[in-house]
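Below: the structure, in structure tokens.
Number of protein chains: 6
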Amino acid sequence: MFVPRRIVEEKLRQILADDVGQGDVTAAAVIPKNLTVKAEVIAKDSGVAAGIEESIYLAEYLGLTVKANVADGDKIKNKQVLMQISGDAQTILCVERTMLNLLSRMSGIATKTRTLAEKLEKANAKAKIAATRKSAPGLLYFDKKAVVIGGGDPHRLHLDDMVLIKDNHLAIVGSVEEAVKKAKAHVSFSKKIEVEVTNLQDAVKAANAGADIIMLDNLSPKQAKVAVEALRKAGFDKVLLEVSGGITGENLLEYAQANVDVISMGELTHSVKALDISLEIIKE
Amino acid sequence: MFVPRRIVEEKLRQILADDVGQGDVTAAAVIPKNLTVKAEVIAKDSGVAAGIEESIYLAEYLGLTVKANVADGDKIKNKQVLMQISGDAQTILCVERTMLNLLSRMSGIATKTRTLAEKLEKANAKAKIAATRKSAPGLLYFDKKAVVIGGGDPHRLHLDDMVLIKDNHLAIVGSVEEAVKKAKAHVSFSKKIEVEVTNLQDAVKAANAGADIIMLDNLSPKQAKVAVEALRKAGFDKVLLEVSGGITGENLLEYAQANVDVISMGELTHSVKALDISLEIIKE
Amino acid sequence: MFVPRRIVEEKLRQILADDVGQGDVTAAAVIPKNLTVKAEVIAKDSGVAAGIEESIYLAEYLGLTVKANVADGDKIKNKQVLMQISGDAQTILCVERTMLNLLSRMSGIATKTRTLAEKLEKANAKAKIAATRKSAPGLLYFDKKAVVIGGGDPHRLHLDDMVLIKDNHLAIVGSVEEAVKKAKAHVSFSKKIEVEVTNLQDAVKAANAGADIIMLDNLSPKQAKVAVEALRKAGFDKVLLEVSGGITGENLLEYAQANVDVISMGELTHSVKALDISLEIIKE
Amino acid sequence: MFVPRRIVEEKLRQILADDVGQGDVTAAAVIPKNLTVKAEVIAKDSGVAAGIEESIYLAEYLGLTVKANVADGDKIKNKQVLMQISGDAQTILCVERTMLNLLSRMSGIATKTRTLAEKLEKANAKAKIAATRKSAPGLLYFDKKAVVIGGGDPHRLHLDDMVLIKDNHLAIVGSVEEAVKKAKAHVSFSKKIEVEVTNLQDAVKAANAGADIIMLDNLSPKQAKVAVEALRKAGFDKVLLEVSGGITGENLLEYAQANVDVISMGELTHSVKALDISLEIIKE
Amino acid sequence: MFVPRRIVEEKLRQILADDVGQGDVTAAAVIPKNLTVKAEVIAKDSGVAAGIEESIYLAEYLGLTVKANVADGDKIKNKQVLMQISGDAQTILCVERTMLNLLSRMSGIATKTRTLAEKLEKANAKAKIAATRKSAPGLLYFDKKAVVIGGGDPHRLHLDDMVLIKDNHLAIVGSVEEAVKKAKAHVSFSKKIEVEVTNLQDAVKAANAGADIIMLDNLSPKQAKVAVEALRKAGFDKVLLEVSGGITGENLLEYAQANVDVISMGELTHSVKALDISLEIIKE
Amino acid sequence: MFVPRRIVEEKLRQILADDVGQGDVTAAAVIPKNLTVKAEVIAKDSGVAAGIEESIYLAEYLGLTVKANVADGDKIKNKQVLMQISGDAQTILCVERTMLNLLSRMSGIATKTRTLAEKLEKANAKAKIAATRKSAPGLLYFDKKAVVIGGGDPHRLHLDDMVLIKDNHLAIVGSVEEAVKKAKAHVSFSKKIEVEVTNLQDAVKAANAGADIIMLDNLSPKQAKVAVEALRKAGFDKVLLEVSGGITGENLLEYAQANVDVISMGELTHSVKALDISLEIIKE
């Protein structure tokens, strides 16, 4: 996910403008104009940094000077100074919360993702942790990027980059075969086709119909394992297998032992625990 | 927070457009055009409904027909059908995730807020639960509205509606008195002035200087109690007292016993646990 | 009212784009490309400068160099050179009218406000001149800022920063007490509550119900005086008292003698006399 | 100036959104949801109605029902009911000020224009009153439309629809002949070319060079008369002659007697006296 | 490519607004307000209809009534009436050119695509005609949709839905293997990976490295055939093979005989011959 | 057509954002961050350069360094290096196609226009080649500018800058005289009035009614010649005469011999043959 800085800046401007409204009345009333101050962005908890790039973009866009001590993806500790910012005092105070909201949400997502990804690595599992589209409304770009920074796979970025046939599509089309057949007939050769199934039979049908990826939805770890082995035994070597639904930090490794390729978890982005990060004006 | 429907629709259109990109390739490939189907939005967990109004706006905006069985603020149970939607199948499938992301985030916020608000009510505490500006980036409107639906106070809506002098402002201005004095001199009479303090002495100074609200930041419940009593004894009856920092569901009642007016918690909106809600196409 | 420069620039870009349309055909046809010229912005009347900051932002945003000889709020005289601008000739000519429209409107507002504010000061009145929301459509930010530069109070900035219960709200709710009671019950503690009343009885009811501010609407100076004295006598010391309606430069001091806190006048922003300011290319 | 309704609605939505911010806290706190009320828009002064179409668009866009008793351009009297509006109470109260700001500004412009236009008509002058680009920032569309409703000529709508060579262009190009020559060489045949001159000699040069319109800037009525007669005598029958600069309601007829075609006045739109119009909820 | 109608409407509104500017001065001056007329959209050439859906959306969005006699993808003949429109005369005349520009460009693209697609069908070639990203600036959605309507494959929709490693990427990375290896390591499992190569050796390397699709760029039909056969012989059965560069209507079948899967042609969208379509007001 | 650079940049940003979507997955996966490279923009065909200014704006806006070897309007040859660009590799690869789409479309338009303009010059015809509003949807600014660069006349820029009464207006109004009369009565003096006619009689009526320009639509060269001579003989010396409809490169000179002032051709912008231009990363 590479987006030219100017396009990211415009996203950030809109987020900031939403917070500013008709003006920051506190900065205007209390802080002198054209006063230069220094500030530090400090971690109040340990985790994985994300949103550093966006924070630099935002600060520099507003004419502030930033020195970042960490990069996106770096592990950070409580009390660690992540960035030093200097510039116009009113501007720093006005943008403080927008910047911290970005940093703490993105770092929270990256931290959770990294924890799970490392759990898989340590267990030598081949599975990759992946996100879903269950993000905060309108925040797909930032949420997905944070997952990537945390070492996860963003999965499809939105609705245009992959066919993902889910239960509701199947409820309308009627059968897995029919749905995959339709997808292959009507979608561009440039797209992968994934199907969500809830049992082995449908998984086999999907594979036979030519799905590139099969999502085993809401299976127990044991059921998932049976399904994966059956599919591999049936010769579907190239089909990627994804599990989703009901997966938590606790049962993650059980699912990993099913030898799946991808484990996707909505809670990576829909139920984020923000990492505690604050900004402090430095008195000199 | 009343916002004319057309303005909310435009916010929703932008959120949807971000998810759609160049098009929903799955709906296009797999689902017939102009097919009318029915769907149900179903709770998968119990909690407090929020985002129902936005969901109705969004669905009707797209030409769908909605029958809502619950209103924002209603308690909902697992398996409860919240809304029935009918209309164009491609449209329903395309908007499904955007709608659920709104509903599940807003309902998650409302549910958490209600739980804490009820805890306070049962304890006959006069304190009100309040949000902060620690929302997901760009989602102040939706996050604050969900807090209100949950029975909480939205606190200031963004930077233009109140003076809130925080530690960083004080670090620049130098003293609580000076900061409040400046605020009173320069801000419109239409705004309240709040000051964040970390000890009783500063609280007294703030009250003397004419602050409307004093935020006792990062005090222990015991310290908060001492401060509140001292301030009331000193005759500051009209000054609202708010505690913030380090407050959790566990120690909430201890803070309430300090007899404060407002208890604000960033986690209401920065660390949301989404309420599980899904949409299911109804086969007939 | 502090708004980060980049957000102001985007407002200015939209205003400029509205004037440019598909292109400045005169500059394109008559003025050479890449020609550097100098220009002066010159007052053609005396008054108070406002819009200087916006003009600097706009000029620099377009790559021009500006030297401002006055700051917002400075008194200016006929023939005074307010700013010197140098840069691309086509750009200067294209932006000339947008810049002057901003400057002359904002300076007109600031000049009128200052005249009235000084009148009050000289009379040792405690009352402050305040604006209303009766601005030119969409220009709340610029109009309110000009009032502040002129020494007035912006009053509420728009609909989200204060409760102001007016005659039409009362017509629906039925009584002043009920309206204030509802406001206190449903609005955030962070907002002040103001009520518009047209007689002393309702003013007393509003004060008793807990209004923070009472607007005495369309009272004669004498009636206003009676009402203020009665309210103060009744012990409502903290309630701010505002008069509005039918106030002009002529009767201003009569209202001031009623000892009110705030005198708000719609004409500050709805019937602006633009200050005459022009831009002249300097021949060398 | 015909603009499709949907495009006007979007302009109006942006103006409204600027006023609403994060929400109308008064309507939310005090007015019940889903309450239907009636309101009347009432003139508080006599003049010419303008902005009626925009008000209808705005009200209907928000789901309100409108019955307009007057059309744009109609003469209206004090106490006359201009429109009856019914619908959601919160919506009416939220949009009230935006609608009145449009109506009162546009009606103020139309009223002033009409007064001057009628003065010319009564004197049997052939001259037409025209606007300039000296509008409130960003309001060219609304301000120009109001001039047209008042019976004036909008003059060029912005920078793309006509060549108008002014003093600053001439200061760069050097001579009237050269400027007109350049304009004729480089601009599309579809555009008229106007030149601003300050004396008769330059007027003749401009006419000889082929200008379609000559603006006599800052001439006295007598000078203007001399110039017009000299030009007509010299055979320039087709060239339109415009006077501008220093024209007021008082000396208007003197300029008209100079037999010019167009009299343009910046104050029509830069120094608007809003017409007093209010909205009242009807108690039933 | 399914995009909810409201999102398409907003794209269309922006295109229309660009053409309208400050207003349609001709419709305003010449056509009465509120006059209802009928119009027909008529083909002036034979081809394949596209843009019909967008035209219906646009017309209905503006309050017009449309009866479409053809659907997107239908073959149309000279003089055929494609749509009947009725409604406000000023609106129809104002939107006429925007609608025809959409229709004639999209139908031009669909017609060209269909011609080539049918050529391939008749020759029993398995190859599919595909578009590229060489569209008119900003028109990816409309141009790609027209290709699909014409029976072509849209290829990737923009930069987020597929990895396509081109010559310039290879110039930086150094080798095909390295580039594909990097892509597989860093991109989501949800994306296909395509590599552009200019000779057989690189094609084999790409296939070995795991590319999903190989684009044979600027090969002659004969070279393409040799490459395809070599790759198939080497056992790369699943790899899709695309040819691109220098393909025209004339040599299309020669490339098809190379047995490739996809033939992509930039000229489908970068050098469009608009289909002649006009709108005529019906006199009754 | 002069548009301030910042306004053009915003147009370009939107075009680029449409192509980028959620991110350039190829550049992200394959190209290192913060790698500086050089690239050349190279003509692959001969023609007239256009879009150079836009390309410089776009590249510099994104932080790239550009050295342009040609200016808009210069003749270019196959293999000529038009621009040298250096800067961030991911950024260059991400913007490549957007830049080339602009360059190749605009240069294609300029090349075609120049060819026809030179044909007229060589024949000593007084007629000017002109564009129409038949552009690609939303691209009026870029398409018209390219025509101007090619030596053509842009004709009206959109709907606000000229009255052009066409067949459909006449179908409603009834007669040429009536239409022109209405236009003269209702449109600003600042606009020219053009009428489209299909025979000599109507042309004479239009001239008599005071049209500034007469468009002879769909006449044969011979008919056009007869009409022009008749009009000139009738003394209409100042009326501009335009031919339109059915004009091609082949019959262009025949129309020119009719002695018309303007020859407008829709195909200049509706059926563009893009000039082949590519970007190549330079290996060092």
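Residue numbers (this note's numbering), protein chains in the order written: chain A, 3 to 286; chain B, 3 to 286; chain C, 3 to 286; chain D, 3 to 286; chain E, 3 to 286; chain F, 3 to 286.
Heads up, the beta-carbon is just placed ideally off N, CA and C, and yes, glycines get one too.
Please read all numbers here as calculations on a predicted model, not as lab measurements.
Beta-carbon gap between residue i and residue j smaller than 9 Å
i: Asp-145(E); j: Thr-271(E); result: yes
i: Thr-67(E); j: Gly-251(E); result: no
i: Leu-221(B); j: Ala-209(B); result: no
i: Ile-131(B); j: Gly-110(B); result: no
i: Gln-82(C); j: Lys-35(C); result: no
i: Lys-61(A); j: Val-97(A); result: First, the amino acid is wrong: residue 61(A) is Ala here, not Lys. Cβ distance < 9 Å, so Ala-61(A) and Val-97(A) count as in contact.
i: Ile-54(B); j: Leu-18(B); result: no
i: Lys-194(B); j: Lys-183(C); result: no
i: Leu-277(B); j: Val-43(B); result: no
i: Val-175(D); j: Asp-214(D); result: no
i: Ala-211(E); j: Lys-235(E); result: no
8 Å Cβ cut-off: residues of chain A touching residue i
i: Pro-156(B); result: Ordered by position in chain A, no residue passes the 8 Å Cβ test against Pro-156(B), which lies about 14 Å from the chain.
Boundaries (first-last residue) of the beta strand (DSSP E) holding residue i
i: Lys-40(F); result: 38-45
i: Ala-70(E); result: 67-70
i: Glu-252(E); result: Taken as a continuous stretch (DSSP letters only), Glu-252(E) belongs to no beta strand (DSSP E), as it is neither H nor E.
i: Ile-284(F); result: 279-284
Residue i: contacting residues in chain E (beta-carbon distance under 9 Å)
i: Asp-26(B); result: Met-3, Phe-4, Val-5, Pro-6
Beta-carbon neighbours of residue i, restricted to chain F and to distances below 9 Å
i: Leu-95(E); result: Lys-168, Asn-170, His-171, Ile-174
Contact list for residue i against chain E, beta-carbon separation under 7 Å
i: Gln-92(B); result: Phe-4
i: Val-39(F); result: Ile-174
i: Leu-64(B); result: Pro-6, Arg-8
Per-residue contacts from residue i into chain F (C-beta, under 7 Å)
i: Val-32(E); result: Ile-167, His-171, Val-175, Ala-181, Lys-184, Ala-185
i: Ala-29(C); result: Phe-4
Residue i: contacting residues in chain A (beta-carbon distance under 7 Å)
i: Met-316(E); result: Shown here, chain E extends from 3 to 286; a query on residue 316(E) therefore has no answer.
Interface residues of chain A facing residue i [CB-CB closer than 9 Å]
i: Leu-18(F); result: Pro-6, Arg-8, Ile-9
Range covered by the alpha helix (DSSP H) that runs through residue i
i: Ile-9(B); result: 7-22
Cross-chain neighbours of residue i in chain D, by beta carbon under 7 Å
i: Lys-285(C); result: Ala-173
Chain F contact residues for residue i, given Cβ-Cβ distances below 8 Å
i: Lys-193(D); result: Asp-163, Met-164, Lys-194
**Message:** Restricting to runs no shorter than 4 residues, where is the alpha helix (DSSP H) found entirely within the stretch 160-193 of chain C?
**Reply:** 169-175, 178-188
**Contiguous alpha helix (DSSP H) assignments of at least 4 residues, all confined to the stretch 82-150 of chain D** = At a cut-off of 4 residues, the continuous stretches assigned as alpha helix (DSSP H) that sit fully inside the stretch 82-150 of chain D are 91-124.
**Within 8 Å of chain F by C-beta, residues of the stretch 97-113 of chain E in sequence order** = Glu-98, Arg-99, Thr-100, Leu-102, Asn-103, Leu-104, Ser-106, Arg-107, Gly-110
**Message:** Along the stretch 195-226 of chain A, where does the CB come closer than 9 Å to a CB of chain E? Name the residues.
**Reply:** Glu-196, Asp-214, Ile-215
**Request:** Enumerate, from N- to C-terminal direction, the unbroken beta strand (DSSP E) stretches of 3 or more residues contained entirely within the stretch 198-242 of chain A.
**Result:** 215-219
**Request:** Can you give me, in chain order, the residues of the stretch 134-154 of chain E that have a beta carbon less than 7 Å from any beta carbon in chain F?
**Result:** Arg-135, Lys-136, Ser-137, Ala-138, Pro-139, Gly-140, Leu-141, Leu-142, Phe-144
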